[in-house]
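Note that the numbering used here gives residue 548 to position 305 of the sequence shown, counting from 1, and the numbers run on in steps of one. All C-beta atoms in this analysis are idealised placements derived from N, C-alpha and C, irrespective of residue type, glycine included. Each remark here refers to the structure printed beneath this line.
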Amino acid sequence: MDHNILVKVIIRTVKYVTRATYSEGKSNANGAKWTTLTPAIHRMDGVTVCGKKGTLHFIRFPTAEMSNFLELAKKKGMATLVTTVCATGGGAFKFEDAFRREVNMRLEKYDELDSLIRGILFVESHYPRECYYWADPTDDDKCRKVTYDFSRPYPFIVVNIGSGVSILAVYGPNNYKRISGTSLGGGTFLGLCCLLTGCATFEEAIELAAGGDNKRVDKLIRDIYGGSYERFGLSGELVAASFGQMISKDRRDTVSREDLARATLVTITNNIGSIARLSALNEKISRVVFVGNFLRVNEISMKLLAYAMDYWSSGTLKALFLEHEGYFGAVGCLISFNDGIS
């Protein structure tokens, strides 16, 4: 079983709405780290779903711990409280029998991409600081997160980065299409890092990458031309060939695990950014929203994407990010389930 694919869980605790009030959601999403089956430390307060106001608690754990989760559910008497769990994604099919057998619960399944879009729109509308961008992403001293007003979102591109990547063009709440994607995503990054560095987890791979230098692994424009390629406006610092330096045995003998992890992260991120940019230009859409658990504890990739989208589009495209990066599918299927019973 995959120890690095995550289950995302939304638990709603509610109270009835007694008057028309609004309470801004709160989040503790910045850089929080989770351990297996820990209490929910991500939360949004004052959220109304199906006429009831309450709190959404955001939890995640590896699929490898599903048996522990089900055992905990049995001990806590979850099956006496609810009979149906709304679910989306591959796990909705993979674990359906286990839920029925272990806790006598039925999984109500919803389309993964429908749930993703519904979740994004719902969370953004309830948490005004959900959407942001990186200003000055290449300057360590000036780089900062800036809140972005996403109250009038359409049209926009969604780049959902999980094990693989799906790219959607969204024109309205019920009007979207899948326009592209790639198999080279977070699963590729982690798989290659495990092979190249011996790391075991996504967090470990990101930590290694943070201490590495991809320039010791990649071949840059300057390595070929001695500087920038002025005729076509290509900076000497741009990657010309990912892992191009590894042709040399001397180079291979001097690189560190950290360098290899960083180069792997840069390679995967640059590829995603290139496909996202071409997709946005083809659809004539200027706002590109990046989501998915690949971006969890991964400021390196976010800043690379922010820079690449701006640089290669001459400022016409904007890379946007969301605080609850990997939970939108879970939120979306919860909303769909409640719509069905309301």
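Option nearest residue i by Cα separation, candidates the options
i: A608; options: D493, I467, V328 and A378; result: In the structure as shown, the chain starts at 244 and stops at 585, and residue 608 therefore has no counterpart that could be examined.
i: I490; options: H567, S478 and D461; result: D461
i: T431; options: T507, Y419 and V532; result: T507
i: M552; options: T326, H567, S579 and L524; result: L524
i: K458; options: E447, A448 and T510; result: T510
i: P396; options: P371, G294, K319 and R349; result: P371
i: G405; options: L299, T425 and K420; result: T425
i: V532; options: I363, Y554, H285 and L299; result: I363
i: C386; options: R520, I449, S517 and A549; result: A549
i: K561; options: S423, K527 and R505; result: K527
i: Y391; options: D383, C436 and E367; result: E367
i: R520; options: N541, S557, C442 and K492; result: S557
i: R303; options: Y554, K295, H285 and G294; result: H285
i: L563; options: V401, S522 and Y554; result: V401
i: Y375; options: N513, S394 and T444; result: S394
Contact under 8 Å by Cβ, residue i with residue j
i: F399; j: R495; result: no
i: G434; j: V408; result: no
i: R361; j: I543; result: no
i: G332; j: G572; result: yes
i: T298; j: G334; result: no
i: F423; j: I518; result: A quick correction: the sequence has Ser, not Phe, at residue 423. In contact: S423 and I518 (Cβ atoms closer than 8 Å).
Beta-carbon contacts of residue i that lie in its chain and below 6 Å, excluding the five residues immediately before and after
i: Y570; result: K251 and F301
i: D502; result: G455, D456, R459 and V460
i: I464; result: Y472, L477, G479, L481 and A483
i: A316; result: V346
i: A504; result: C436, T440, A448, L451, A452 and G455
Sequence-distant residues of the same chain with beta carbon closer than 7 Å to residue i, five excluded per side
i: F338; result: M309
i: E568; result: V534, G535, N536, L538 and R539
i: M321; result: V346
i: D582; result: none
Buried or exposed by the 16-neighbour rule on C-beta atoms within 10 Å, applied to residue i
i: K592; result: Absent from the structure is residue 592, since the part of the chain shown begins at 244 and ends at 585.
i: V389; result: exposed
i: R474; result: exposed
i: L190; result: What is shown of the chain runs 244 to 585, which leaves residue 190 out entirely.
i: F336; result: exposed
i: K451; result: According to the sequence as given, residue 451 is Leu; it is not Lys. Classification for L451: buried.
i: L438; result: exposed
i: L324; result: exposed
i: T559; result: exposed
i: R421; result: exposed
i: N196; result: Outside the displayed span of the chain (244 to 585) sits residue 196, for which this structure offers no information.
i: T497; result: exposed
i: R344; result: exposed
Sheet register partners of residue i (DSSP bridge)
i: A597; result: Nothing can be reported for residue 597: it is not among the residues displayed for the chain, which extend from 244 to 585.
i: K546; result: Per DSSP, none; premise fails for K546.
i: Y376; result: V389
i: V509; result: The partner list for V509 (beta bridge, DSSP) is empty, contrary to what the question assumes.
i: I400; result: A412 and V531
i: T327; result: R349
i: R421; result: L411
Contacts around residue i, its chain only, beta-carbon distance under 8 Å, and the 5 residues preceding and following it disregarded
i: T327; result: M348, R349, L350, E351 and F580
i: F342; result: L313, V328, M348, R349 and L350
i: G575; result: T331, Y353, D357, S358, L359, I360, R361, G362, I363 and F365
8 Å Cβ cutoff, residue i in contact with chain B
i: G429; result: The question asks about chain B, but that chain is absent: this structure has only one protein chain.
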